[in-house]
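Here's the structure we're looking at; comments come further down.
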Ligand SMILES: Nc1ncnc2c1ncn2[C@@H]1O[C@H](COP(=O)(O)OP(=O)(O)OP(=O)(O)O)[C@@H](O)[C@H]1O
Ligand SMILES: [Mg+2]
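Residue numbers (our numbering), protein chains in the order written: chain A, 65 to 281; chain F, 2 to 222; chain P, 17 to 242.
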């Protein structure tokens, strides 16, 4: 299956605040994109637009499978998303969260799948504890489990290593490597080190400089 | 698709059973309002007509205190993205609608029991009319309050806004159900209320279709 | 400019005629039937204005162009004004014809609900700060509210007995349109008045939406310069 993720002239403004303009990219299986920029430069905004959580003010994002465009309503089938502002249900256990997600997604024979991802993020022994009682690092791990549950083609990580210990950071790098074998990886981060996870980089600050220069001209 | 709707419904139900966030407060709310009516009218003889109106006042305000929770809690806790990433908007809408339907039927059941026990003059003669008013009224009530809950979950002043926005939208429904309840006390035949039934049913259908078409716009920005 | 002046003259003539034109004898109403020249057109216009507001709400949801939202809100404001005029004139008239200011006649109920709906609409708008969100949510609310309005205007008056001409039990048939036999004079003046009201609506609507759009443009300009 050939998957193509295309961004065309994406512009986003909140009211009068223009966050970014004319963002272009094209990603296929095996490619990866890092989004850099300082606080408030619009990294999270851009990944939300790519995942379909926000609409761009103009321009578009296209998902293509074997040349066929995917309806925006079905994007969720292809996306795995990890971000600090993604919250889990804290009145449920880690296992229940994954079970709920699997059922909502309509996954078949999910028990083995859940066991697999829980082991991957090293939470299997704590699977029956309420998420309310998880540490922030454990919650971050559970988010990875949620994101990987349906083997997404596009994996989007916003601040991938926040709250994680060194072993967790290694886990993230391993997941990123694994993802790049067949899928698409998109990472939004402040850490220069993490930009190395990806082959290409969009720097929103430099883009802004360019925009300013164009206006001056 | 259907199984996903069911999964959302089960999640909300399980969460409610676990946290008892809405349920306990709701039951107390019903008790408090009915006691309030009893105190305020102690010693007065109230006509069945007046009591029919008051019944729906109690149901309306109980609904307003509980039905917004499904959306408001997702918004407050920031779990909206979890659902947005997991499924289509319409699935979320129907899951929540189902949950609110169950909740409203629970409320109606409890209110009616409490009402029949405490209000001596409330004697229903035609149960079929009364029951269809409750059921079809409940359907309509849940449909309108679900979409308005989705709206107010995104606004700043959630609590006070909810009844304000819901009331005018629900009024055609409430007038019809109140009228039907009065008829059921007077002992009307079900066939006589056919016009009412049609209004209630079409109200439900119209609101659900409109909500289904509009929910996408509210759910994702 | 000139057509605004002409519109003023036109409305003035209609207002004078509304009081002096012979309307023939109408049983039960007599001279009080003259309210039809003011009350009914403003009721129609309020519904039309709300309808236009809904059309612009739909267009906003389609295009996400904030100007559509501005127009939607402008039309709703004018609709609210007309609605208010209808309520007040109707209520004063009811005192003299039916004996009290308010009787909960189905049509009185429906106009009251329109006031409530759009009252709530403006409350909702004031409760949301982010402009796009305000526009989207109020558009959705106005559409949801509008689909329930026909239940009042078309259905309720038919199943419930009322006082208005054209209600259930009125031999002339039930419907939103008053159909009792009108004197030819009366008929012409009524439609002339309706036309006048429509033109006034169009004029205020254009003025109001242009003003709000200019406001947005000025703010955008100020923002860019800072
Ligand atoms: N819902 C919103 N309404 C208005 N402005 C917003 C909204 N979301 C983000 N912004 C603004 O858009 C800009 C970009 O925000 P964003 O969260 O994308 O930044 P970021 O690059 O992810 O920052 P950080 O490194 O802190 O995570 C900020 O200036 C922010 O104030
Ligand atoms: Mg961010």
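Just so you know, even glycine gets a beta-carbon here, dropped at the ideal spot from N, CA and C.
DSSP bridge partner residues for residue i (one or two, in chain order)
i	result
residue 25 of chain F	According to DSSP, which records beta bridges pairwise, residue 25 of chain F is partnered with nothing at all.
residue 157 of chain A	A:194
residue 127 of chain A	A:69
residue 97 of chain A	A:250 and A:264
residue 75 of chain F	None; residue 75 of chain F has no bridge partner.
residue 221 of chain A	A:146 and A:251
Buried/exposed call for residue i, threshold 16 Cβ in 10 Å
i	result
residue 211 of chain F	buried
residue 172 of chain F	buried
residue 131 of chain F	buried
residue 200 of chain P	exposed
residue 239 of chain P	exposed
residue 261 of chain A	buried
residue 217 of chain A	buried
residue 78 of chain P	exposed
residue 5 of chain F	buried
residue 176 of chain A	exposed
residue 230 of chain P	exposed
residue 94 of chain P	buried
residue 19 of chain P	exposed
residue 1 of chain F	Outside the shown range of chain F, which is 2 to 222, sits residue 1 of chain F, and nothing can be said about it.
residue 205 of chain A	buried
residue 256 of chain A	exposed
residue 18 of chain F	exposed
residue 243 of chain P	A query on residue 243 of chain P cannot be resolved here, the shown segment of chain P reaching from 17 to 242 and no further.
Reduced DSSP category for residue i - H, G, I as helix; E, B as strand; rest coil
i	result
residue 187 of chain F	helix
residue 133 of chain A	strand
residue 80 of chain A	coil
residue 139 of chain P	helix
residue 39 of chain F	helix
residue 129 of chain P	helix
residue 89 of chain F	coil
residue 199 of chain A	coil
residue 122 of chain A	strand
residue 88 of chain A	strand
residue 60 of chain F	helix
residue 145 of chain A	strand
residue 74 of chain A	strand
residue 50 of chain F	helix
residue 121 of chain P	coil
residue 151 of chain A	coil
residue 145 of chain P	coil
residue 68 of chain P	helix
residue 95 of chain P	helix
residue 216 of chain A	coil
residue 189 of chain P	For residue 189 of chain P, the predicted model reports a pLDDT of 39, less than 50, meaning its position is unreliable and no value from the coordinates is stated.
residue 101 of chain F	helix
residue 222 of chain F	coil
residue 135 of chain F	helix
residue 32 of chain F	helix
Integer Cβ distance of residue i from residue j, believed to fall under 8 angstroms
i	j	result
residue 253 of chain A	residue 195 of chain A	So it is not a contact: roughly 25 angstroms between Cβ atoms.
residue 143 of chain F	residue 102 of chain F	5 angstroms
residue 166 of chain F	residue 157 of chain P	6 angstroms
residue 75 of chain A	residue 121 of chain A	5 angstroms
residue 92 of chain A	residue 124 of chain A	Not a contact, Cβ separation roughly 18 angstroms.
residue 96 of chain A	residue 271 of chain A	Residue 96 of chain A to residue 271 of chain A, Cβ: 19 angstroms. No contact.
residue 140 of chain A	residue 211 of chain A	Contact flag wrong, Cβ pair sits at about 12 angstroms.
residue 212 of chain P	residue 30 of chain P	5 angstroms
Residue-chain proximity (residue i, chain D), Cβ-Cβ < 8 angstroms
i	result
residue 170 of chain A	Chain labels in this structure do not include chain D; the protein chains are A, F and P.
Interfacial residues, the region 143-162 of chain P to chain A, with Cβ spacing under 8 angstroms: The residues in question are 146, 147 and 148.
Return the residues of the region 71-89 of chain A that lie within a Cβ-Cβ distance of less than 8 angstroms from chain P, sorted by chain order. Contact residues of the region 71-89 of chain A toward chain P are 78, 79 and 80 (C-beta to C-beta distance below 8 angstroms).
Taking Cβ-Cβ distances below 8 angstroms as the criterion, which residues of the region 104-120 of chain A are in contact with chain F? Within the region 104-120 of chain A, the residues whose Cβ lies closer than 8 angstroms to some Cβ of chain F are 115, 116, 117, 118 and 119, listed in chain order.
Could you run through the region 133-164 of chain F and flag, in chain order, every residue whose CB is less than 7 angstroms away from some CB of chain P? Listed by position along the chain: 148, 152, 155, 156, 157, 158 and 162.
Near-chain A residues of the region 61-88 of chain F - C-beta to any C-beta below 7 angstroms: Residues 78, 79, 80, 82, 83, 85, 86, 87 and 88.
Against chain F, which members of the region 247-263 of chain A pass a CB distance test of less than 8 angstroms? Residues of the region 247-263 of chain A with a Cβ closer than 8 angstroms to any Cβ of chain F: none.
Check distances from the C-beta atoms of the region 187-216 of chain F to those of chain P and list, in chain order, the residues that come in under 9 angstroms. Residues passing the 9 angstroms Cβ filter: 196, 197, 199, 200, 203, 204, 207, 208, 210, 211, 212, 214, 215 and 216.
For the region 141-152 of chain A, enumerate the residues whose C-beta is nearer than 7 angstroms to any C-beta of chain F, in chain order. Identification of residues in the region 141-152 of chain A having a C-beta nearer than 7 angstroms to some C-beta of chain F yields 143, 145, 149, 150, 151 and 152, given in sequence order.
Using a Cβ-Cβ cut-off of less than 7 angstroms, give me the residues of the region 160-186 of chain A that come near chain F, in sequence order. Listed in sequence order: 164, 165, 167, 168, 169 and 170.
Going along the region 6-24 of chain F in order, which residues come within less than 7 angstroms of chain A, judged by CB to CB distance? Listed by position along the chain: 8, 9, 12, 16, 19 and 20.
Near-chain A residues of the region 90-111 of chain F - C-beta to any C-beta below 7 angstroms: For the region 90-111 of chain F, there are no residues whose beta carbon sits under 7 angstroms from a beta carbon of chain A.
Report the residues of the region 162-186 of chain F with a CB closer than 9 angstroms to any CB of chain P, ordered along the chain. Taking 9 angstroms as the Cβ-Cβ cut-off against chain P, the residues of the region 162-186 of chain F that qualify are 162, 165, 166, 167, 168, 169, 170, 171, 172, 173, 174, 176, 177 and 180.
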